[in-house]
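A short write-up of the structure that comes next.
Given below as structure tokens:
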């Protein structure tokens, strides 16, 4: 990076706490939305400097929840979870009391596109007398920006491990009442009963699992999966213009880090990030990557022939997006088994949910073994961590083609996972500025 | 006709509405761009000009200036928009001229056709194009069957046969496609108003058709051209979704994409706001140019 200087805070305001009222920010928000929406993310800049964790962390297992215990903390002062450093998130607010689910009207869900089976949503809606409405986001940063403006109101929010602490820190999630979600105990893998990112758990239930790796069309590309995996992207000059890099700063920069042999995927070492950005720029010069996240659609149709994808993308491609003349056997996938990222998405309930009890019921519904299977193999292609859904039998029953067996995650692999997790704000800035530099082309 | 004060009164709420929403929005951007951040890099707008902090503005300026990190993006943006505006002029002028002066009873139909695209939002139409231009899409197959991709490759305007694979030419054509109606409509209005007697006089005095066009029609339609140009230049400079949908490659990112990245993304929203301010300042040049030509036209009319 050419320029990492931070404009120094003016002397008058070394640390701003109270100067900005919520009202003035909301006024700004409305005006900004009219100003073209381009700056919609600016609002909600209410003070986040008071460590929330310090306020109400009590009762967690181990040291976690104590921001003075050392180790990195996120912008809200919540310790950053690592796979070997589990975190109990501070309890903010009370879980909802059991009661009648709020029937009628709309249950509002915020999620990635194409990430829930519409048939499942309809079935839930009919069963419970509610209409499920999904709004979609393209990137998690976009989702967080929009959520933190307070302009968008949802009941159910889908998110990932590296976002969860800042959602809690911004008081955007409510603690869950797990009595209303019995399917968690009943059906979910043991390794995710009390996950490292949300010990307890307190705020989330797991949704689906994925690894990050290389997907390719074995009928169009000659690629030897024995070579060091991340070199595949940099060696793909021949497929210039038809190679995908994930449109996600963590995953994209992460690919360059892993290629360089760096095992800490949450590094905040400027030299490592700068080197990774240089590598990405070289990658783009040589291969002219597509920066996108729709490999599930572009790989089966041949719009890309090789690329960084999530494991669920190739499964989803095989399940839902194959053109008639392309067999599922034409898809291949490989991921870094030692130290590569294996993660899961999760579901939480918005602090401002209008239908909290119905939202709990929805979470419980998605963890039902049959529903989860239908959601997975009929549409989404991302695998839920449900006991009844066994990778071996999925292959035996020809639900998943055998050539994509390695796109399925096992509990054992998950237990030894590496993952992209929350960064300190300085680290976030480092990754983000590097990413912008890459995007300048 | 009602006395002037009636109209003044009637227009007041509308003017107030526009002024308030424009000014408040713009001031909010300024307050963030010249504001500060918390220790956690959350932007804190400074509403009081006495508190303004130019750190971010300075950083944005050095980023966007020659030699800065984002300079290639600035050059690319200006180039794309210059080409797109030239194409818009070449495509739009004859259409506007035909509709305004030659189409006779078809002129209404042509105008209706020009307004037709607004039935479906620009983004929806671009999304349709992403399917048509995908490598297995109809448009892409037709273009490649006709050899357009090979022609463009030979001319150095395109690389490979994937229209959505980070091709500057796709982004530029999409910009033209999206904004050409905004150019044609004001130009149509201006050409429609053109006094037929001036053209007849020119012919009567012995000028050829070409000369009449060059020396009478073109100068008289200049204000319409400028109006159309400014009307499309301003939104093109802030456009980011055309590039996002038609390419998404770092090789074709425009200034709007970079600002969008800062504002949507991580902890650098203040820098995005500062860049927005610089872009607005740059666009003021166009605005000033337009207003000046408008005033000159008015003076000439009087």
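Chains as they are written, first to last, in our numbering: chain A, 1 to 441; chain B, 442 to 743.
For glycine and all other residues, C-beta sits at the position ideal for the given N, C-alpha and C.
Note that this is a predicted model, so its numbers are computed, not measured.
- Spatial neighbours of residue 718(B) in its own chain (CB-CB distance under 7 Å, excluding positions within 5 residues in sequence) are listed in chain order as 470, 471, 474 and 498.
- About 5 Å separates the beta carbons of residue 132(A) and residue 107(A), which is inside the 8 Å limit, making them a contact pair.
- According to the DSSP assignment, residue 432(A) belongs to the alpha helix (DSSP H) that extends over 425 to 439.
- Residue 302(A) places its beta carbon 9 Å or farther from that of residue 317(A).
- Listed along chain A, no residue sits closer than 8 Å to residue 637(B) by beta-carbon distance, the nearest being about 41 Å off.
- Counting of Cβ neighbours within 10 angstroms places residue 176(A) among the buried residues, the total reaching 16 or more.
- DSSP lists 160(A) as the beta-bridge partner residues of residue 345(A).
- Within 9 Å of the CB of residue 564(B), no CB atom of chain A is found; the nearest one sits about 12 Å away.
- For residue 275(A), the CB contacts under 7 Å within the same chain, skipping 5 residues up- and downstream, are 260 in chain order.
- Judged by pairs of C-beta atoms under 8 Å, the segment 418 to 432 of chain A touches the segment 694 to 708 of chain B, as three or more such pairs exist.
- For residue 210(A), there is no enclosing alpha helix (DSSP H); the enclosing beta strand (DSSP E) covers residues 205 to 217.
- Ranked by how close their Cα comes to the Cα of residue 732(B), the residues 712(B), 693(B) and 665(B) have 665(B) in first place.
- About 7 Å separates the CB atoms of residue 293(A) and residue 248(A); that is less than 8 Å, so the two are in contact.
- For the pair residue 500(B) and residue 650(B), the CB atoms are not nearer than the 9 Å cut-off.
- Looking at the backbone, the Cα of residue 307(A) and that of residue 211(A) are separated by about 14 Å.
- With fewer than three CB-CB distances shorter than 8 Å, the segment 605 to 618 of chain B does not count as touching the segment 697 to 704 of chain B.
- Between the segment 533 to 547 of chain B and the segment 621 to 629 of chain B, the count of C-beta pairs closer than 8 Å reaches three or more; the two stretches touch.
- In the three-state scheme derived from DSSP, where H, G and I count as helix and E and B as strand, residue 136(A) is classed as strand.
- In this structure, 103(A) is the residue among 168(A), 334(A) and 103(A) with its C-alpha nearest to the C-alpha of residue 124(A).
- The beta carbon of residue 641(B) does not come within 9 Å of any beta carbon belonging to chain A, so the residue lies off that interface.
- Looking from the CA of residue 327(A), the closest CA among 354(A), 313(A), 217(A) and 241(A) belongs to 217(A).
- Around residue 267(A), no beta-carbon contact reaches into chain B at under 9 Å, the shortest distance being about 16 Å.
- For residue 566(B), the enclosing alpha helix (DSSP H) covers residues 563 to 573.
- The beta carbon of residue 387(A) sits closer than 8 Å to those of 187, 188, 189 and 369, all from its chain and outside the five residues before and after it, given in chain order.
- Nothing from the segment 149 to 164 of chain A brings a Cβ to less than 7 Å from some Cβ of chain B.
- Boundaries of the alpha helix (DSSP H) around residue 455(B): 445 to 474.
- Its Cα nearest to that of residue 84(A), the residue 195(A) stands out among 145(A), 105(A), 166(A) and 195(A).
- Cβ contact annotation for residue 671(B) (same chain, cutoff 6 Å, sequence separation greater than five): 727 and 731, in chain order.
- Between the segment 518 to 526 of chain B and the segment 674 to 690 of chain B, the count of Cβ pairs shorter than 8 Å is three or higher; the stretches touch.
- Cβ neighbours of residue 223(A) within its own chain (closer than 7 Å, five residues either side excluded): 216, 232 and 306.
- The beta carbon of residue 414(A) sits closer than 6 Å to those of 191 and 342, all from its chain and outside the five residues before and after it, given in chain order.
- Between the segment 590 to 607 of chain B and the segment 239 to 255 of chain A, the count of C-beta pairs closer than 8 Å reaches three or more; the two stretches touch.
- Secondary structure at residue 626(B): helix, using DSSP grouped into helix, strand and coil.
- In this structure, the CA atom of residue 100(A) is about 7 Å from the CA atom of residue 357(A).
- Between the segment 653 to 663 of chain B and the segment 584 to 594 of chain B there are fewer than three inter-stretch CB-CB distances shorter than 8 Å, so the stretches are not counted as touching.
- Interface flag for residue 687(B) against chain A is unset, since no Cβ pair is found closer than 9 Å.
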